[in-house]
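Line order of the protein sequences matches chains A and B. For the first sequence, counting from 1, position 136 maps to 136 in the working numbering; every step adds exactly one. For the second sequence, counting from 1, position 208 maps to 208 in the working numbering; every step adds exactly one. Take a look at the structure below.
2 protein chains.
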Amino acid sequence: MKDAGKSGGPLRAQPAVKRSRIQTRNRKRILDAALEVFSAHGFRGATLDQIAAEAGLSKPNILYYFDGKEAIHVTLLNQLMETWLDPLEQMNPAGEPLEEIIAYVRRKLDMAQAYPRESRLFANEILQGAPRMGPHLEKRLKPLVDEKAALIAGWAAAGRIAPVDPRHLIFSIWATTQHYADFEAQVNVLMPEGGVFPGAATYLETMFRRML
Amino acid sequence: MKDAGKSGGPLRAQPAVKRSRIQTRNRKRILDAALEVFSAHGFRGATLDQIAAEAGLSKPNILYYFDGKEAIHVTLLNQLMETWLDPLEQMNPAGEPLEEIIAYVRRKLDMAQAYPRESRLFANEILQGAPRMGPHLEKRLKPLVDEKAALIAGWAAAGRIAPVDPRHLIFSIWATTQHYADFEAQVNVLMPEGGVFPGAATYLETMFRRML
DNA sequence: TCGCTTTTTTACCAATTGGTAAAGTGACGA
DNA sequence: TCGTCACTTTACCAATTGGTAAAAAAGCGA
């Protein structure tokens with residue numbers, strides 16, 4: 001549909017426009033507030049008033065910095081995609097296969113712990129059919145997954161890890177690690193009080209080690 | 001807060017009121033339409049107009065059958081909880097441990113395939129902090145999980161399966177199976193066209209067998 | 001300090017949305 | 001045939017929500 005991007009490529013993270021100190025600060029405030037609200041209520045569930053209150057700015061002031069609710073959401077998603085891809089990108093073809101995969105699991109779990117809001121923002125978007133991220137998934141995520149899946153398949157073919165379907169392996173890593181962020185409300189009910197992440201780290205490392 | 005339940009216990013699935021044929025039919029239509037809409041857009045993202053259109057009824061007519069938007073949502077969630085718990089309840093203490101767990105994975109994956117909307121409805125609710133399900137989780141889910149966690153812990157202590165934290169094991173089963181329903185939009189982008197479920201079934205069975 | 005630009009506020013909208021009142025329609029037993 | 005009760009529609013609201021116009025207030029370089 002409408003791409004609305006003027007020029008400079010549809011996937012640019014930040015346009016090359018110079019921003020004043022105030023703009024930098026307020027855009028950051030808005031994006032942080034929006035992350036809080038969108039991740040907790042989803043796109044339609046979030047209101048500009050909530051974001052404005054959270055950011056400590058008036059609603060029209062927010063619309064002075066962003067073209068609209070959707071623009072804020074898209075900006076967040078674009079920024080997030082890079083952060084999200086990073087742990088997988090770091091998987092090193094020259095490394096020891098099993099350790100590379102375990103380290104990836106570890107990084108993913110650390111991200112779920114450090115950035116639960118980002119994880120939930122992402123989950124909300126995908127859950128609802130990725131209406132604002134479809135192209136992004138195709139252009140950024142898919143090539144990376146294809147690359148790393150081939151890498152893992154190579155490792156398996158060489159007998160350096162047990163045979164696995166690399167894509168399902170990746171899915172299971174995503175699912176198990178992000179679960180602790182996305183389903184936090186449920187986890188908190190079911191796990192005796194206290195940090196679940198140490199236990200999760202031990203469990204997941206054991207699980208993937210035994211499997212591979 | 002307000003329970004709004006008159007009598008008969010707060011967790012009754014269907015009140016003992018007799019319903020006419022028309023009521024039975026239209027309530028079913030509404031709930032099915034609501035499942036479609038809520039699972040795709042979340043609670044706030046869904047509108048009564050959408051549900052009405054999907055159900056082929058007028059908005060006021062829908063409000064003749066249900067007390068409001070929230071009542072429809074709560075009804076769905078309550079019904080769903082039973083269906084959702086069922087596969088875990090079937091885990092048999094007298095069975096062969098490994099096979100019982102694998103069979104549970106299998107049932108869970110089958111449910112993700114057969115009822116993706118239900119899975120997404122549930123995921124939406126938990127993602128947003130389970131605002132309408134907290135008590136339900138405490139009263140229905142937690143006792144069951146406690147029971148089955150103890151069962152699995154017993155199996156592990158007896159050396160009949162490899163040692164594992166039973167709760168994290170359960171989380172990983174939920175996460176990996178539901179992933180195929182909840183993140184369907186992403187999975188579809190990343191997996192070569194065609195049914196992913198057969199491959200998922202093979203992968204997950206291998207994974208949990210190797211681990212235990 | 002002046003004058004210009006950037007930022008913020010105030011006062012509004014129009015559309016959407018959950019919900020209601022009340023009139024209308026239809027089925028069915030007496 | 002009529003009355004009654006279950007169901008459905010029509011016509012509305014009041015509140016919320018994304019967004020705008022324009023005036024007011026800061027900043028800020030010269």
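The beta-carbon is built from N, C-alpha and C at its ideal position, and this holds for glycine as well.
Close beta carbons around residue i, own chain, < 6 Å, minus the five adjacent residues each side
i	result
A:Arg212	It should be noted that the sequence gives Leu, not Arg, for residue 212 of chain A. Closer than 6 Å at the Cβ level, and outside the excluded window around A:Leu212, lie Leu98, Ile161 and Ala162.
A:Ala123	Asp182
B:Glu193	none
A:Ala46	Val37 and Phe38
B:Arg153	It is Ala, not Arg, that sits at residue 153 of chain B in the sequence shown. Answer for B:Ala153: Pro166, listed in chain order.
Which listed residue (the options) has its alpha carbon closest to that of residue i
i	options	result
A:Phe38	A:Met207, A:Arg117 and A:Asp165	A:Arg117
A:Trp155	A:Val74, A:Met91 and A:Thr75	A:Met91
B:Val74	B:Leu144, B:Met133, B:His179 and B:Asp146	B:Met133
B:Tyr65	B:Leu31, B:Gly95, B:His41 and B:Ala149	B:Leu31
A:Ile62	A:Val196, A:Phe197, A:Lys28 and A:Pro131	A:Lys28
A:Gly95	A:Ala185, A:Ile173 and A:Leu151	A:Leu151
A:Arg44	B:Glu89, B:Asp86, B:Gln128 and B:Leu85	B:Gln128
A:Asn78	A:Gln23, A:Glu125 and A:Leu109	A:Glu125
A:Ile173	A:Ala112, A:Arg19 and A:Ala40	A:Ala112
B:Glu89	B:Lys59, B:Val145, B:Ser58 and B:Gly56	B:Val145
B:Thr206	A:Val105, A:Asp110, A:His168 and A:Leu85	A:His168
A:Thr243	A:Lys108, A:Glu70 and A:Pro93	Lying outside 1 to 212, the shown extent of chain A, residue 243 of chain A is not represented and no answer is given.
A:Leu121	A:Gln23, A:Ser20 and A:Gln178	A:Gln178
B:Pro143	A:Thr24, A:Met191 and A:Gln23	A:Met191
A:Tyr104	A:Leu76, A:Arg210, A:Glu70 and A:Ile170	A:Ile170
A:Glu147	A:Arg106, A:Leu85, A:Arg210 and A:Leu204	A:Leu85
C-alpha distance - residue i paired with residue j, whole-angstrom precision
i	j	result
B:Ala200	A:Asp165	9 Å
B:Ser119	B:His136	16 Å
A:Phe208	A:Ile102	7 Å
B:Ala52	B:Ile72	12 Å
B:Ala157	B:Asp49	55 Å
A:Gly67	A:Ala130	For the sequence presented, residue 67 of chain A should be read as Asp rather than Gly. So the alpha carbons of these two residues sit roughly 21 Å apart.
A:Gly42	B:Gly159	45 Å
B:Leu57	B:Asn26	9 Å
A:Pro87	A:Glu100	11 Å
A:Ala149	B:Pro198	19 Å
B:Asp110	B:Glu184	14 Å
A:Pro93	A:Lys59	48 Å
B:Thr24	B:Lys69	18 Å
B:Arg19	A:Leu204	49 Å
A:Ile22	B:Leu76	47 Å
A:Arg106	B:Ala40	31 Å
A:Val189	B:Val189	33 Å
Same chain, Cβ closer than 7 Å to residue i, five either side skipped, listed in chain order
i	result
B:Glu54	Ala33, Glu36 and Val37
A:Met81	His136 and Arg140
A:Ala175	none
A:Val187	Tyr180 and Val196
A:Ala114	none
Cβ-based neighbour list, residue i, same chain, cut-off 8 Å, excluding 5 preceding and 5 following
i	result
B:Thr202	none
A:Arg210	none
Quiz item: According to a CB-to-CB cut-off of less than 8 Å, which residues of the stretch 115 to 143 of chain B neighbour chain A?
Solution: Arg120, Ala123, Asn124, Ile126, Leu127, Gln128, Gly129, Ala130, Gly134, Leu137, Glu138, Leu141 and Lys142
Quiz prompt | Near-chain A residues of the stretch 157 to 182 of chain B (beta-carbon distance less than 9 Å), N- to C-terminal order | solution = Ala162, Pro163, Val164, Asp165, Arg167, His168, Leu169, Ile170, Phe171, Ser172, Trp174, Ala175, Thr176, Thr177, Gln178, His179, Tyr180 and Asp182
Self-check item: Interfacial residues, the stretch 23 to 46 of chain B to chain A, with Cβ spacing under 9 Å
Solution: Ser39, Ala40, His41, Gly42, Phe43, Arg44, Gly45 and Ala46
Quiz item: Listed from N- to C-terminal order along the chain, which residues in the stretch 93 to 111 of chain B have their beta-carbon within a distance smaller than 9 Å of any beta-carbon of chain A?
Solution: none
Exercise. Name, going along the chain, the residues of the stretch 197 to 209 of chain B whose beta-carbon falls closer than 8 Å to a beta-carbon of chain A.
Key: Gly199, Ala200, Thr202, Tyr203, Leu204, Thr206 and Met207
Practice problem: Return the residues of the stretch 72 to 84 of chain B that lie within a Cβ-Cβ distance of less than 7 Å from chain A, sorted by chain order. | Solution: none
Quiz item: Name the residues in the stretch 46 to 58 of chain B whose C-beta lies less than 7 Å from a C-beta of chain A; which are they?
Solution: none
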